[in-house]
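Some notes on the structure that comes next.
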Amino acid sequence: MKTKELTICGLAAVRARFESDAASILRLFFDAPTGRKIGAMCKALAAARKVYRCVESAELAKVAGSIHHGGIVAVVSAPALKNPGLAEVKAWAAQRQPLLILDRIGNAHNLGALVRTAAHLGVDHIVITDSPESARPNDAAYRVAEGGMERVTVWAARDLVRLVGDLRAAGYVVVAAAPRGGHPQSARAPDQAAALVMGNEEHGIAPKVVAACTRQVTIPGTGAVESLNVSVAGAILMWELFGKSSSQ
Numbered sequence: 179m180k181t182k183e184l185t186i187c188g189l190a191a192v193r194a195r196f197e198s199d200a201a202s203i204l205r206l207f208f209d210a211p212t213g214r215k216i217g218a219m220c221k222a223l224a225a226a227r228k229v230y231r232c233v234e235s236a237e238l239a240k241v242a243g244s245i246h247h248g249g250i251v252a253v254v255s256a257p258a259l260k261n262p263g264l265a266e267v268k269a270w271a272a273q274r275q276p277l278l279i280l281d282r283i284g285n286a287h288n289l290g291a292l293v294r295t296a297a298h299l300g301v302d303h304i305v306i307t308d309s310p311e312s313a314r315p316n317d318a319a320y321r322v323a324e325g326g327m328e329r330v331t332v333w334a335a336r337d338l339v340r341l342v343g344d345l346r347a348a349g350y351v352v353v354a355a356a357p358r359g360g361h362p363q364s365a366r367a368p369d370q371a372a373a374l375v376m377g378n379e380e381h382g383i384a385p386k387v388v389a390a391c392t393r394q395v396t397i398p399g400t401g402a403v404e405s406l407n408v409s410v411a412g413a414i415l416m417w418e419l420f421g422k423s424s425s426q
């Protein structure tokens with residue numbers, strides 16, 4: 179079976195992949211200015227007898243599938259996403275790991291932005307739904323994440339309701355983000371781990387998933403617009419749930 183591939187663009191993202199898993203880089207393309215900054219990468223690829231090449235911007239855009247390549251493109255092995263089971267839930271609970279759960283987030287740019295925020299705030303695990311509606315960690319998500327994808331582990335849950343139930347049984351407070359009707363207070367008990375659930379850009383969180391959560395939270399606003407973009411709302415709520423406690 180042919181290995182699935184994806185492209186990672188931009189120096190920050192490519193450097194993060196090189197530092198975390200250099201062997202996964204299959205081919206590397208870059209422009210002349212960027213080439214002067216990546217001597218260690220080129221040396222490692224040469225030792226591994228892998229392709230690395232300085233090319234013109236037009237060829238970089240062709241490899242990346244985008245003009246927004248940032249001067250460098252790494253072709254890498256695409257990661258396989260695992261379903262989190264009870265063993266993972268118990269391990270996360272024992273370490274009080276903060277979790278971000280994404281119920282059918284469909285836009286890869288939103289996924290990348292959420293990953294970037296999660297990485298910044300020290301959220302090491304993100305669970306998406308194993309559904310055709312869910313954006314996967316693809317080229318666009320990696321580009322927007324700006325290296326954040328290498329700092330988190332993305333899982334794909336086959337049954338989100340069951341996962342939420344397992345998390346609660348393990349001691350998690352599971353908070354569902356709601357555009358309206360939830361309590362604005364999102365603080366959790368200091369002795370409990372917390373998981374934040376964000377929903378699909380158009381339809382929100384599935385009703386069965388909401389029902390399985392501990393509570394709902396809504397970000398107060400003026401009402402001038404119906405809601406925030408999911409990546410913005412996720413950043414605010416991750417800071418409220420995870421960022422404040424870690425900064426104190």
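Count the sequence shown with this note's numbering and you get residues 179 to 426, in order. Ideal placement from N, C-alpha and C gives every residue a C-beta, glycine not left out. Only a predicted model underlies this, so the values are computations on that prediction, with no experimental measurement involved.
Open item on the list: Under 8 Å: do the stretch 226-235 and the stretch 295-314 share three or more Cβ pairs, one atom per stretch?
Closed with: no
Open item on the list: Do residue 396 and residue 360 count as a contact pair if the criterion is CB distance below 8 Å?
Closed with: Working through the sequence shown from its first residue, we reach residue 360 at position 182. Working through the sequence shown from its first residue, we reach residue 396 at position 218. Taking 8 Å as the Cβ cut-off, residue 360 and residue 396 qualify as a contacting pair.
Open item on the list: Can you list, in chain order, the residues of its chain with a C-beta nearer than 6 Å to that of residue 322? Leave out the 5 residues immediately preceding and following it.
Closed with: One-based indexing of the sequence shown puts residue 322 at position 144. Cβ neighbours of residue 322 beyond the five flanking positions: 287, 290, 291.
TODO: From the DSSP output, in three-state form, read off residue 339 for me.
DONE: Taking the first residue of the sequence shown as position 1, residue 339 is located at position 161. Three-state DSSP puts residue 339 in a helix.
- [ ] Answer yes if the stretch 258-274 comes into contact with the stretch 321-337, meaning at least three C-beta pairs across the two stretches below 8 Å, and no otherwise.
- [x] yes
Open item on the list: Within the continuous beta strand (DSSP E) that includes residue 204, where are the two ends?
Closed with: Counting from one through the sequence shown, the residue named residue 204 turns up at place 26. From DSSP, the beta strand (DSSP E) with residue 204 extends over 203-208.
Open item on the list: Let's test the definition: count the other Cβ atoms within 10 Å of the Cβ of residue 425 and tell me whether it reaches 16, buried, or not, exposed.
Closed with: Sequence index remark: in the sequence shown, residue 425 carries index 247 (1-based). At residue 425, the pLDDT of 47 sits below 50, so the modelled position is not reliable and the matter cannot be decided from this model.
TODO: Give every residue of the same chain whose Cβ lies closer than 8 Å to the Cβ of residue 320, excluding the five residues on either side of it in the sequence, and list them in chain order.
DONE: For the purposes of this step, residue 320 is identified with residue 142 of the sequence shown, where counting begins at 1. Counting only Cβ-Cβ distances below 8 Å, and skipping sequence neighbours, we find 184, 185, 186, 187, 191, 290, 327.
Task: Other residues of its chain near residue 241: CB distance less than 6 Å, five sequence neighbours each side excluded - done: For the purposes of this step, residue 241 is identified with residue 63 of the sequence shown, where counting begins at 1. 207, 251, listed in sequence order.
- [ ] Take residue 355 as the anchor and find which of 343, 398, 247, 341 has the nearest alpha-carbon.
- [x] As a position in the sequence shown, residue 355 is number 177, starting the count at 1. Of the candidates 343, 398, 247, 341, the one whose C-alpha sits nearest the C-alpha of residue 355 is 398.
Task: Cut-off 7 Å between Cβ atoms - residues of its own chain near residue 414, not counting five sequence neighbours on either side - done: The sequence position of residue 414 within the sequence shown is 236, counting from 1. Contacts found: 397.
Open item on the list: When you compare the CB positions of residue 416 and residue 280, do they come within less than 8 Å of one another, or not?
Closed with: By one-based count along the sequence shown, residue 416 stands at place 238. By one-based count along the sequence shown, residue 280 stands at place 102. Cβ distance not < 8 Å, so residue 416 and residue 280 don't count as in contact.
TODO: Look up residue 280 in the DSSP assignment and say whether it is helix, strand or coil.
DONE: Translated into the one-based positions of the sequence shown, residue 280 becomes position 102. Strand.
Task: residue 303, enclosing beta strand (DSSP E) - first and last residue - done: Taking the sequence shown and counting its residues from 1, the one referred to as residue 303 is at position 125. From DSSP, the beta strand (DSSP E) with residue 303 extends over 303-307.
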